[in-house]
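Engineer: Per our numbering, the sequence shown starts with residue 2, numbered consecutively. The following block contains the structure, expressed as structure tokens.
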Amino acid sequence: MRYVSTRGRAPVLGFEEVLLAGLARDGGLYVPETWPTLNAEVLKGFAGRPYHEVAVAVMTPFVEGTIPNGEFANLVREAYAGFGHSAVAPLMQLDGNDWVLELFHGPTLAFKDFALQLLGRLLDHVLRHRRERVTVVGATSGDTGSAAIEACRGRDAIDIFILHPAGRVSEVQRRQMTTVQDANVHNIAIDGTFDDCQALVKAMFNDLPFRDALRLSAVNSINWARVMAQIVYYVTAAVALGAPYRSVAFSVPTGNFGDVFAGYAAHAMGLPVERLIVATNRNDILARFFAGGDYRVGEVVPTISPSMDIQVSSNFERLLFDLCGRDGTTVETYMQELGASGGFRVSANQLASARRLFEACRVDEAETKATIAAVQHASGWLADPHTAVGLAAAKHRRGSAATPMITLATAHPAKFPDAVEQAAGIRPALPARMASLMQSSERYDRLPNDVGRIEAYVRERSRVSNGAATT
Ligand SMILES: *Cc1c(COP(=O)(O)O)cnc(C)c1O
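This is how it looks when you write it as structure tokens:
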């Protein structure tokens with residue numbers, strides 16, 4: 002498979018280069034040149050197969066020509082072997098035709114593990130073949146950091162440094178990062194806010210001699226491989242509920258538009274998806290876009306679903322590219338307008354074509370909490386606040402009652418115990434396999450908000466700067 006940039010001016014690349022590059026050189030995002038197809042025969046053949054086997058079949062066309070089939074199958078099997086449920090992404094029935102797809106059985110209890118567990122292994126594999134190493138740096142307000150650390154821990158070709166704001170992440174979130182004992186994992190608590198941490202990471206990337214010397218890399222959400230891995234669970238869920246014979250609908254709690262774009266990709270590949278509901282919290286740029294065609298940045302407000310507190314959805318550009326008939330010049334014009342004036346408006350035709358598949362819904366805090374309580378009361382199933390946004394949106398935007406409605410459960414309720422307890426009166430417990438989290442010893446250093454000090458710290462510890470030989 003070859004990949005093109007959404008802005009049309011970067012070189013066409015293969016999978017390996019796209020994996021390593023992340024962002025395209027023209028500022029765009031890479032997408033497959035064509036969508037591979039999943040026809041009815043192929044979908045029928047997926048029924049009853051283990052998750053990792055379907056995953057290999059769905060993803061192989063995207064990596065073809067880069068990683069030998071047998072090796073790819075091994076990486077995929079390993080990526081999902083550590084999940085806490087043998088179905089990997091089990092479906093639960095809530096009501097007559099309403100379902101939740103539990104995507105929180107990975108090592109950090111949120112759906113980002115699906116993409117990052119594979120991405121870490123793919124990166125390590127490709128780098129080792131090239132006899133290269135990278136230094137991954139990132140900032141986190143909680144969730145992404147732990148998923149990235151779990152993905153990179155113990156990998157020979159990667160050293161990872163994650164900055165979090167000291168005292169401003171929850172204890173569970175901090176411990177998910179700091180109790181990891183692998184020598185290639187470095188946690189830094191910064192005296193400052195999450196914005197300070199992000200600014201420090203940005204400053205390191207902008208320090209070009211440092212960036213080159215350390216071979217800095219990010220495992221951010223615009224990497225194509227992350228979207229690719231997320232296509233798989235749309236396929237397994239739809240097949241479990243009757244595809245290819247019947248269509249299904251999904252409701253997706255959304256921030257950066259990565260997860261729901263994977264649903265769009267599954268539809269583009271031939272999966273019978275009747276509709277995709279874009280569920281947002283009060284940070285509703287996407288809900289406003291799908292309502293009126295105006296994509297306009299607002300102010301970020303904190304909510305009880307913090308992983309969706311986003312006002313610029315980076316992966317949205319991938320959908321925009323298709324809405325513009327895959328014309329990178331039009332995308333570039335829109336993006337310039339976004340930069341210059343904080344927004345842009347698409348044409349009536351472009352909006353109409355988006356609305357053929359997508360519905361959007363904004364859910365406020367009160368309704369999110371009421372939904373956690375109501376669903377718990379009706380079915381005994383406990384939703385985290387992100388999932389609750391999806392469940393509320395599913396209720397409002399449901400089409401035909403005959404179509405199964407699948408809400409993506411993006412996090413385990415025990416990741417957000419305070420909000421869940423406040424809403425439903427029940428304090429969710431961590432799964433048994435994580436019981437030791439609150440007792441394990443922690444390992445992190447506390448540093449001032451000073452880029453010089455952070456760079457010195459990274460330089461001292463990264464195997465890239467130490468010239469350590471790769472094995
Ligand atoms: C990241 C995240 C989301 C949003 O996913 P996007 O791909 O950014 O739309 C939703 N819920 C949880 C729990 C998350 O961690």
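No residue lacks a Cβ here, since even glycine has one placed at the ideal position from N, Cα and C. No experiment lies behind these values; they were computed from the predicted model shown.
Taking only heavy atoms of ligand 1 into account, decide whether any of them is closer than 7 Å to the Cβ of PHE84.
Structural biologist: For ligand 1, not one heavy atom lies less than 7 Å from the Cβ of PHE84.
Engineer: What residues match up with ILE407 in a beta bridge as DSSP calls it?
Structural biologist: Answer by DSSP bridge pairing, in chain order: TRP100 and PHE251.
Engineer: Give me the Cβ distance between THR255 and ARG283, rounded to the nearest whole Å; I'm assuming they're in contact under 8 Å.
Structural biologist: About 13 Å; that fails the 8 Å criterion.
Engineer: Give me, in chain order, the residues of the same chain whose beta-carbon lies closer than 6 Å to that of SER306; leave out the 5 immediate sequence neighbours on both sides.
Structural biologist: Cβ within range, chain order: ASN282, PRO386, HIS387 and VAL390.
Engineer: In the DSSP assignment, what are the bridge partners of VAL170?
Structural biologist: Note: VAL170 sits in no beta bridge, so no partner.
Engineer: Comparing C-alpha positions only, which one of TRP100, GLY259 and VAL240 sits nearest to ALA402?
Structural biologist: The shortest C-alpha separation from ALA402 is found at TRP100.
Engineer: Am I right that ALA1 and CYS362 are in contact with their C-beta atoms under 8 Å? What's the rounded C-beta distance?
Structural biologist: Residue 1 lies beyond the stretch modelled for the chain, which goes from 2 to 472, so this question has no answer here.
Engineer: Could you name the residues that DSSP lists as bridge partners for VAL135?
Structural biologist: According to DSSP, VAL135 bridges with ILE159.
Engineer: Check whether the Cβ of PHE251 sits closer than 7 Å to any heavy atom of ligand 1, and report yes or no.
Structural biologist: Incorrect: PHE251 has no Cβ contact closer than 7 Å to ligand 1.
Engineer: Just to check my reading of the structure: GLY299 and ILE278 have Cβ atoms closer than 8 Å, yes? What is that Cβ distance to the nearest angstrom?
Structural biologist: Going by Cβ atoms, the distance from GLY299 to ILE278 rounds to 21 Å, so no, they are not a contact pair.
Engineer: Assign ALA239 to one of three DSSP states: helix, strand, or coil.
Structural biologist: Helix, per DSSP.
Engineer: Cutting at 7 Å between CB atoms, please list the residues of its own chain near PHE211, excluding the five before and the five after it.
Structural biologist: MET205 and GLU456.
Engineer: With a threshold of 7 Å, establish whether the CB of MET309 neighbours any heavy atom of ligand 1.
Structural biologist: Yes, the beta carbon of MET309 sits closer than 7 Å to at least one heavy atom of ligand 1.
Engineer: Determine the DSSP secondary structure at GLY380, reduced to helix, strand or coil.
Structural biologist: Reading off the sequence shown, one finds Ser at residue 380, where the question assumed Gly. Reduced to three states, the DSSP call for SER380 is helix.
Engineer: Where does LYS45 land, buried or exposed, given buried means 16+ other C-beta within 10 angstroms?
Structural biologist: Counting Cβ neighbours within 10 Å, LYS45 comes out exposed, since fewer than 16 surround it.
Engineer: Quick check: what's the CA-CA separation for ALA395 versus ARG276?
Structural biologist: Cα to Cα, ALA395 sits roughly 11 Å from ARG276.
Engineer: Go through the residues and name those whose CB comes closer than 5 Å to any heavy atom of ligand 1, in chain order.
Structural biologist: Here the list is ALA111, ASP144, PRO254, THR255, GLY256, ASN257, GLY259, ASP260, SER308, HIS387, THR411 and ALA412.
Engineer: Jot down the residue ranges of each uninterrupted alpha helix (DSSP H) in the region 326 to 373, minimum 4 residues, whole runs only, in chain order.
Structural biologist: If we require 4 residues or more, the alpha helix (DSSP H) runs fully inside the region 326 to 373 come out as 329 to 342 and 349 to 356.
Engineer: Indicate the three-state DSSP secondary structure (helix, strand or coil) for TYR265 in the structure shown.
Structural biologist: The answer is helix: DSSP assigns TYR265 an H, G or I state.
Engineer: Going by beta-carbon coordinates alone, are VAL138 and VAL202 separated by less than 8 Å?
Structural biologist: It is a contact, given that the beta carbons lie within the stated cut-off.
Engineer: For the pair the region 50 to 57 and the region 243 to 255, tell me if three or more CB-CB distances fall below 8 Å.
Structural biologist: Short answer: they don't touch.
Engineer: List in chain order: all unbroken alpha helix (DSSP H) runs of 4+ residues lying wholly within the region 70 to 115.
Structural biologist: 70 to 82, all fully within the region 70 to 115.
Engineer: Using the Cα positions of ASP310 and SER142, report the straight-line distance between them to the nearest angstrom.
Structural biologist: If I take the Cα positions, the gap works out to 11 Å.
Engineer: Applying the criterion that 16 or more other CB atoms from any shown protein chain within 10 Å of the CB defines a buried residue, is THR330 buried or exposed?
Structural biologist: Under this definition THR330 is an exposed residue.
Engineer: Kindly provide the ranges of any beta strand (DSSP E) runs that are 3 or more residues long and lie completely inside the region 8 to 73, ordered along the chain.
Structural biologist: You should have 31 to 33.
Engineer: Does DSSP put ILE476 in a helix, in a strand, or in coil?
Structural biologist: Summary: the structure shown does not reach residue 476, with the chain confined to residues 2 through 472, and so no result is reported for it.
Engineer: Please report the straight-line C-alpha distance between PHE63 and TRP36, rounded to a whole angstrom.
Structural biologist: Taking the straight line from one Cα to the other gives about 9 Å.
Engineer: Does ARG428 pass the burial test, meaning 16 or more other C-beta atoms within 10 Å, or should it be called exposed?
Structural biologist: Under this definition ARG428 is an exposed residue.
Engineer: Suppose the cutoff is 7 Å on Cβ atoms and the five residues either side in sequence are ignored; what does the same chain contact list for ALA263 look like?
Structural biologist: Counting only Cβ-Cβ distances below 7 Å, and skipping sequence neighbours, we find VAL228, GLN231, ILE232 and TYR235.
Engineer: Just how far apart, CA to CA, sit GLU42 and VAL57?
Structural biologist: GLU42 and VAL57: Cα-Cα distance of roughly 16 Å.
Engineer: What is the residue span of the alpha helix (DSSP H) that SER6 lies within?
Structural biologist: It is not in any alpha helix (DSSP H) - SER6 instead sits in the beta strand (DSSP E) that spans 3 to 6.
Engineer: For LEU95 versus SER437, is the C-beta spacing smaller than 8 Å?
Structural biologist: No, Cβ-Cβ distance for LEU95 and SER437 is not below 8 Å.
Engineer: State the CB to CB distance for the pair GLU151 and ASP125, rounded to an integer number of angstroms; the pair is presumed to be in contact (CB under 8 Å).
Structural biologist: About 13 Å separates the two Cβ atoms, so there is no contact after all.
Engineer: Just the C-alpha distance for THR38 and TYR458, rounded to the nearest angstrom, thanks.
Structural biologist: One C-alpha to the other measures close to 48 Å.
Engineer: Pick from GLY259, ALA384, ILE407 and GLU72: whose alpha carbon is nearest that of PHE317?
Structural biologist: Nearest option by C-alpha distance: GLY259.
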